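Colleague: Quick mapping for you: the protein sequence lines, in order, are chains A and B. Counting from 1, position 1 in the first sequence corresponds to residue 1 in our numbering; the numbering is continuous, with no gaps. Counting from 1, position 17 in the second sequence corresponds to residue 1017 in our numbering; the numbering is continuous, with no gaps. Glycine included, every Cβ here is placed at the ideal spot set by N, Cα and C. These numbers were taken from a predicted model, which means no experiment stands behind them. First the structure, then my questions, so here it is.
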Amino acid sequence: MAKKPVLTAAEAAKMIPEGATILCGGFLACGQARTIVKELVKLGTKNLTLVCNDMARQTGPMGEEFFGVAELIHNHQVKRIIATHVGMTPEVGQQKNEGTLEVNLIPQGSLGECVRAGGAGLGGVLTPVGVDTLIEESPLCLGKQRIEGKDYLLMKPIRGDFALLGTYKCDEYGNCWYKGTMRNFNVVMATAADVVIAECEYLVPVGEIEPENVHTYGMCVDYIVEGERK
Amino acid sequence: MDKSEIKAFIAKRCAKELKDGDVVNLGIGLPTLIPSYLPEGVELIIHAELGIVSAGAIPQPGDANFDPYHVIDAGGGPASVAYGGGFIDSATNFCLIRGGHVDACFLGALEVDAQGNLANWLIPGKRMPGMGGAMDLCVGAKNTIVCMEHTAKGNPKIFEKCRLPLTASHCVNKIITEMCVFEVDDEGLLMTEINPEFTIDDVKAATAAHFRVAVNLKSMLH
Chain A
1 MAKKPVLTAA
11 EAAKMIPEGA
21 TILCGGFLAC
31 GQARTIVKEL
41 VKLGTKNLTL
51 VCNDMARQTG
61 PMGEEFFGVA
71 ELIHNHQVKR
81 IIATHVGMTP
91 EVGQQKNEGT
101 LEVNLIPQGS
111 LGECVRAGGA
121 GLGGVLTPVG
131 VDTLIEESPL
141 CLGKQRIEGK
151 DYLLMKPIRG
161 DFALLGTYKC
171 DEYGNCWYKG
181 TMRNFNVVMA
191 TAADVVIAEC
201 EYLVPVGEIE
211 PENVHTYGMC
221 VDYIVEGERK
Chain B
1001 MDKSEIKAFI
1011 AKRCAKELKD
1021 GDVVNLGIGL
1031 PTLIPSYLPE
1041 GVELIIHAEL
1051 GIVSAGAIPQ
1061 PGDANFDPYH
1071 VIDAGGGPAS
1081 VAYGGGFIDS
1091 ATNFCLIRGG
1101 HVDACFLGAL
1111 EVDAQGNLAN
1121 WLIPGKRMPG
1131 MGGAMDLCVG
1141 AKNTIVCMEH
1151 TAKGNPKIFE
1161 KCRLPLTASH
1171 CVNKIITEMC
1181 VFEVDDEGLL
1191 MTEINPEFTI
1201 DDVKAATAAH
1211 FRVAVNLKSM
1221 LH
């Protein structure tokens, strides 16, 4: 197993071209590659599609201005989002009403499962969640199927050009360990993108993360970035 | 009763639904008060969407487990894991939710109806916060219990049929308000308990749906 290239956050952000689809781990920016996102904001890369549970926060836990991908929205760099909750970023609703941002809301479990399908080679997901709701009209819904008397929605798999992971520890082979609730969508997103970049707070020698405790396997990670420590 | 007394009254009644060891998901607001009213000897496994199975008390600044950058709840505030609990990734977490491993979820409603349909995520043209994990929870939890004030500024919230976009259909098992308890069955709403401060006619006036009254109607206070 080869060591994975270690980039600066700025180098990583430069790899992402205009129009790219980014799977971005994190839940209210906990477990988000916030240092890379900051660099992406500096670059001003436009027309991005973000797949992310939520659009993070306008204010961080200690009053920081912008915390995570919210800043990409405010900077008008995003043309489409696939998310489950945007209540903490009113800017999303505003840009949607202005017609500059496409918003596809899907249930949280369906987001996880669609990304998992994208990374697991599956053609879709059948879930009872969303039946009889507006999800039936989502561009991510391919229709309804009845199986043994129960209705299910067929949801499309989701993949990205890039996945940005927000990890706590990452070793030189790319094995990742998440602290607390950082794990969230990072684990499935690591499997569902062409290029996977793991931002970590601590880059550690191989072996420091015990094999039993590897949450994202190094084989899924292409590049490592040592980011901000919290 | 003032607002906070109403909330406490509803939370206290909700707590009676639970037994020791139940896996429970609590929505934001009123449902988070429920653990304060648990009968003695009842310990819950609190399931949190963000990836904590068995969430603990909310830590305060200065506590050893206060870590607002790495351990948070679905509202973004600091959270903790209970003794014996664990962290879980989102895909696996929602397998637990959809797969029927959560005994009960308690959540509020904008509207709920006599068929057990629930609307609590969207007011078209006004607010678009998103459904988060609510759709999965309503469909997947063994028991979906709506706990809310009976009316919104005097206007009914319980209808024959919901008018707002649904969170999920045929999912609500019970409605607990400051006025009464409704069970939802195949025939519609059945009032099983009433708060003695109100009459059946009071409940009728505050409810925009037909309901039946149980033969052995009980007091919510017992």
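1) Would you mind stating whether A1091 (chain B) and G112 (chain A) have Cβ atoms separated by less than 8 Å?
2) Assuming K1174 (chain B) and I1145 (chain B) make a contact with CB atoms under 8 Å, what is their CB distance in whole Å?
3) At which residues does the alpha helix (DSSP H) containing I987 (chain B) begin and terminate?
4) Find the residues of chain B that neighbour G112 (chain A), judging by a C-beta separation of less than 7 Å, and give them in chain order.
5) Going by DSSP, name the residue or residues bridged to K1174 (chain B).
6) Do V129 (chain A) and R1163 (chain B) come within 8 Å of each other at the CB atom, strictly closer than that value?
7) So with CB distances below 9 Å, who are the chain A contacts of R1098 (chain B)?
8) For the putative contact between S233 (chain A) and T127 (chain A), defined by C-beta atoms under 8 Å, what is the C-beta separation to the nearest angstrom?
9) For the pair the region 165 to 176 of chain A and the region 196 to 205 of chain A, tell me if three or more CB-CB distances fall below 8 Å.
10) Using a beta-carbon distance cut-off of less than 9 Å, what residues from the region 1047 to 1071 of chain B approach chain A?
11) What does K230 (chain A) touch in chain B if you count any residue whose Cβ is under 8 Å from its own?
12) For V196 (chain A), which residues in chain B fall below 9 Å Cβ to Cβ?
13) Tell me whether E18 (chain A) is buried or exposed, calling it buried when 16 or more other Cβ atoms sit within 10 Å of its Cβ.
14) Could you give the DSSP three-state label for S1054 (chain B): helix, strand or coil?
15) Measuring CB atoms only, is the region 171 to 191 of chain A touching the region 214 to 230 of chain A, in the sense that at least three cross pairs come out at less than 8 Å?
16) Counting only beta-carbon separations shorter than 8 Å, does C220 (chain A) have a partner in chain B?
17) Use the C-beta contact count for Q145 (chain A): other C-beta atoms within 10 angstroms, 16 or more gives buried, fewer gives exposed.
18) Check whether the region 51 to 68 of chain A and the region 4 to 13 of chain A are in contact - that is, three or more C-beta pairs closer than 8 Å.
19) Which two residues bound the contiguous alpha helix (DSSP H) that contains E91 (chain A)?
20) Assuming contact is defined by CB atoms lying nearer than 8 Å, are V1203 (chain B) and T181 (chain A) in contact in what I supplied?
21) If you follow the beta strand (DSSP E) that F1094 (chain B) is part of, which residue opens it and which one closes it?
22) Alpha helix (DSSP H) containing D1136 (chain B): first to last residue?
23) Check whether the region 150 to 164 of chain A touches the region 186 to 200 of chain A, counting contact only when three or more Cβ pairs, one atom from each stretch, lie closer than 8 Å.
24) Would L1050 (chain B) pass as a contact of A1074 (chain B) if the rule is Cβ separation under 8 Å?
25) Find the residues of chain A that neighbour P1165 (chain B), judging by a C-beta separation of less than 7 Å, and give them in chain order.
26) What residues in the region 169 to 185 of chain A bring their beta carbon closer than 9 Å to a beta carbon of chain B?
27) Give a yes or no on whether 8 Å exceeds the smallest Cβ distance from A83 (chain A) to chain B.
28) When you compare the CB positions of S1080 (chain B) and A1055 (chain B), do they come within less than 8 Å of one another, or not?
29) If the cut-off is 7 Å on Cβ atoms, which residues from the region 19 to 40 of chain A count as contacting chain B, listed in chain order?
30) Rounded to the nearest angstrom, what separates V103 (chain A) and D222 (chain A) at their Cα positions?
31) Residues in its own chain within less than 7 Å of P139 (chain A) by CB, not counting five upstream and five downstream?
32) What residues are listed by DSSP as bridge partners for P128 (chain A)?
33) Can you give the beta carbon distance from I1158 (chain B) to V1112 (chain B), rounded, assuming they're within the 8 Å contact cut?
34) So P1165 (chain B) packs on L48 (chain A), CB below 8 Å; how close in whole Å?
35) Identify the contact partners of R57 (chain A) in chain B, using a Cβ-Cβ distance below 8 Å as the criterion.
36) Can you list, in chain order, the residues of the region 1149 to 1173 of chain B whose Cβ is nearer than 9 Å to any Cβ on chain A?
Modeller: Quick answer:
1) The residue labelled residue 1091 (chain B) in the question sits at position 91 within the second sequence. The residue labelled residue 112 (chain A) in the question sits at position 112 within the first sequence. Taking 8 Å as the Cβ cut-off, A1091 (chain B) and G112 (chain A) qualify as a contacting pair.
2) Looking up residue 1174 (chain B) in the second sequence gives position 174. Looking up residue 1145 (chain B) in the second sequence gives position 145. Between K1174 (chain B) and I1145 (chain B), the beta carbon gap of about 5 Å places them in contact (Cβ cut-off 8 Å).
3) Residue numbering for chain B in the displayed model covers 1001 to 1222; residue 987 (chain B) lies beyond these limits and cannot be assessed.
4) In the first sequence, counting from the first residue as 1, residue 112 (chain A) sits at position 112. Around G112 (chain A), the beta-carbon contacts reaching into chain B at under 7 Å are S1090, A1091, F1094.
5) Translated into the one-based positions of the second sequence, residue 1174 (chain B) becomes position 174. Answer is B:I1145, B:E1183, bridged to K1174 (chain B).
6) The count along the second sequence starts at 1 and reaches residue 1163 (chain B) at position 163. The count along the first sequence starts at 1 and reaches residue 129 (chain A) at position 129. Contact flag unset, no.
7) Position 98 of the second sequence, counting from 1, holds the residue named residue 1098 (chain B). Per Cβ cutoff of 9 Å: G109, E113, T127, P128, V129.
8) Any answer about residue 233 (chain A) is impossible in this case: the structure gives chain A only from 1 up to 230.
9) yes
10) A1048, E1049, L1050, G1051, I1052, D1067, P1068, Y1069, H1070, V1071
11) Start at 1 with the first residue of the first sequence, and residue 230 (chain A) comes out as number 230. Correct list: Y1069, H1070.
12) Here residue 196 (chain A) is taken as the residue at index 196 of the first sequence, counted from 1. Correct list: empty, because the minimum Cβ distance to chain B is about 16 Å.
13) Numbered from its first residue, the first sequence carries residue 18 (chain A) at position 18. Exposed is the call here.
14) For the purposes of this step, residue 1054 (chain B) is taken as the residue at position 54 of the second sequence. If DSSP states are grouped into helix, strand and coil, S1054 (chain B) belongs with the strands.
15) yes
16) For the purposes of this step, residue 220 (chain A) is taken as residue 220 along the first sequence, with counting starting at 1. Contacts with chain B at 8 Å (Cβ-Cβ) do not include C220 (chain A).
17) Position 145 of the first sequence, counted from the first residue, corresponds to residue 145 (chain A). Answer is exposed; the Cβ neighbour count stays below 16.
18) Proximity of the region 51 to 68 of chain A to the region 4 to 13 of chain A falls short of the contact definition, fewer than three beta-carbon pairs being nearer than 8 Å.
19) To locate residue 91 (chain A), count along the first sequence from 1; it is residue 91. Note, E91 (chain A): alpha helix (DSSP H), 90 to 98.
20) The residue you call residue 1203 (chain B) lines up with position 203 of the second sequence. The residue you call residue 181 (chain A) lines up with position 181 of the first sequence. Taking 8 Å as the Cβ cut-off, V1203 (chain B) and T181 (chain A) do not qualify as a contacting pair.
21) In the second sequence, residue 1094 (chain B) corresponds to position 94, counting from 1. From DSSP, F1094 (chain B) is part of no beta strand (DSSP E) but of the alpha helix (DSSP H) over 1090 to 1098.
22) The sequence position of residue 1136 (chain B) within the second sequence is 136, counting from 1. Unbroken alpha helix (DSSP H) run through D1136 (chain B): 1134 to 1140.
23) When Cβ pairs closer than 8 Å are counted between the two stretches, the region 150 to 164 of chain A is seen to touch the region 186 to 200 of chain A, the count reaching three or more.
24) By 1-based counting over the second sequence, the position of residue 1050 (chain B) is 50. By 1-based counting over the second sequence, the position of residue 1074 (chain B) is 74. Cβ distance < 8 Å, so L1050 (chain B) and A1074 (chain B) count as in contact.
25) On the second sequence, position 165 is the one that residue 1165 (chain B) refers to. In chain order: T133, L134.
26) So the close ones are Y178, K179, G180, T181, M182, R183, N184, F185.
27) Here residue 83 (chain A) is taken as the residue at index 83 of the first sequence, counted from 1. Yes, its Cβ sits closer than 8 Å to a Cβ of chain B.
28) Here the question's residue 1080 (chain B) lines up with position 80 in the second sequence. Here the question's residue 1055 (chain B) lines up with position 55 in the second sequence. A contact, by the Cβ cut-off of 8 Å.
29) F27, L28, C30
30) Stepping through the first sequence from its first residue, residue 103 (chain A) is reached at position 103. Stepping through the first sequence from its first residue, residue 222 (chain A) is reached at position 222. When rounded, the distance between both Cα atoms is 29 Å.
31) For the purposes of this step, residue 139 (chain A) is taken as residue 139 along the first sequence, with counting starting at 1. These residues qualify, in order along the chain: N104.
32) Here residue 128 (chain A) is taken as the residue at index 128 of the first sequence, counted from 1. Beta-bridge pairing links P128 (chain A) to no other residue.
33) Position 158 of the second sequence, counting from 1, holds the residue named residue 1158 (chain B). Position 112 of the second sequence, counting from 1, holds the residue named residue 1112 (chain B). About 6 Å; that satisfies the 8 Å criterion.
34) If you number the second sequence from 1, residue 1165 (chain B) lands on position 165. If you number the first sequence from 1, residue 48 (chain A) lands on position 48. Not really, about 28 Å apart at Cβ, beyond 8 Å.
35) For the purposes of this step, residue 57 (chain A) is taken as the residue at position 57 of the first sequence. By Cβ distance, chain B contributes G1076.
36) P1165, L1166, T1167, A1168, S1169, H1170
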